[in-house]
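Residue numbering for the sequence shown follows the working numbering, starting at 11 and increasing by one per position.
Ideal placement from N, C-alpha and C gives every residue a C-beta, glycine not left out.
Here the structure is a predicted model, which means the values were calculated and not measured.
Here the structure comes first, spelled out in C-alpha cells, and everything after it is commentary.
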Amino acid sequence: MRTGNAIVNVLIQVVVIAIVAAIAVWILGMVGAPGIVMTIVWILAALAIIMVLLQLLRGAGGAGRRAP
11 MRTGNAIVNV LIQVVVIAIV AAIAVWILGM VGAPGIVMTI VWILAALAII
61 MVLLQLLRGA GGAGRRAP
C-alpha cells in the first residue's frame with residue numbers, strides 16, 4: 011500500500027509488522043510454545059522494523075520510487 015508519503019508508508023509498514031508479530035506470539039502462546047520461540051519472533055519483528063526505518067533514512071522510497 012503506497013500513500014505517496016514516505017513517512018506514512020513506513021508507519022503503516024511498522025504497524026503491520028508489529029501486529030503480525032503480536033498475533034504470531036499470541037498463537038504460539040496458545041499452543042504452548044517455549045518462551046525462547048516467542049522471543050525469537052519479537053527479535054525478528056524488531057529487525058524487520060529496523061530494516062524499514064533504514065530504508066526511510068537512506069532516502070529510498072521503495073518499489074514505487076522513480077528517478078526524475
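#### Entry: Simplified DSSP assignment, three categories, for residue 43
Counting from one through the sequence shown, the residue named residue 43 turns up at place 33. Three-state result, residue 43: coil.
### Query
If you count every other CB in all the chains shown that lies within 10 Å of the CB of residue 62, and 16 or more means buried, which is it?
As a first step, residue 62 is located in the sequence shown; it is residue number 52 there, counting from the start. Buried, by the Cβ-count rule.
### Query
Taking just the CA atoms, how far does residue 27 sit from residue 33?
For the purposes of this step, residue 33 is taken as the residue at position 23 of the sequence shown. For the purposes of this step, residue 27 is taken as the residue at position 17 of the sequence shown. Approximately 10 Å, taken between the alpha carbons.
### Task
Can you tell me the Cβ-Cβ gap for residue 25 and residue 52, rounded? I've got them flagged as a contact below 8 Å.
Sequence index remark: in the sequence shown, residue 25 carries index 15 (1-based). Sequence index remark: in the sequence shown, residue 52 carries index 42 (1-based). Rounded, the Cβ-Cβ distance is 15 Å, inconsistent with contact.
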